[in-house]
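Here the numbering used here runs 430 ahead of the position in the sequence shown, where the first position is 1. Ideal placement from N, C-alpha and C gives every residue a C-beta, glycine not left out. Right, one structure below, let's go through it.
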Amino acid sequence: MIPKDPVMLLSFVNLKLRDFYGNLDSLCDDLDIDKAEVIEKLSSIDYHYDSEKNQFV
431 MIPKDPVMLL SFVNLKLRDF YGNLDSLCDD LDIDKAEVIE KLSSIDYHYD SEKNQFV
């Protein structure tokens, strides 16, 4: 289960991307997470996925 709070979600997702996954698609597929929901929640706190950095910035 992923955090509901956007700030906690940001920390969780960026940690997973940094340590375990090469891209957001792999993370979402492996953890069975709705990619659009993650993007929407993190954009609500003005964070957007940067594929070159493989993190939300």
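Segment limits, alpha helix (DSSP H) that includes residue i
{"i": "K446", "result": "436-449"}
{"i": "K465", "result": "465-473"}
{"i": "D459", "result": "454-461"}
Spatial distance of residue i from residue j (CA atoms)
{"i": "V487", "j": "L472", "result": "10 Å"}
{"i": "S456", "j": "F442", "result": "15 Å"}
{"i": "G452", "j": "L461", "result": "14 Å"}
Residues of its chain near residue i, where Cβ-Cβ distance is below 8 Å and the 5 sequence neighbours each way are ignored
{"i": "H458", "result": "Note that residue 458 is Cys in the sequence shown, not His. Answer for C458: D464, K465, V468, listed in chain order."}
{"i": "S474", "result": "P436"}
Sub-8 Å separation of residue i and residue j beta-carbons
{"i": "L454", "j": "L447", "result": "yes"}
{"i": "L440", "j": "Y477", "result": "yes"}
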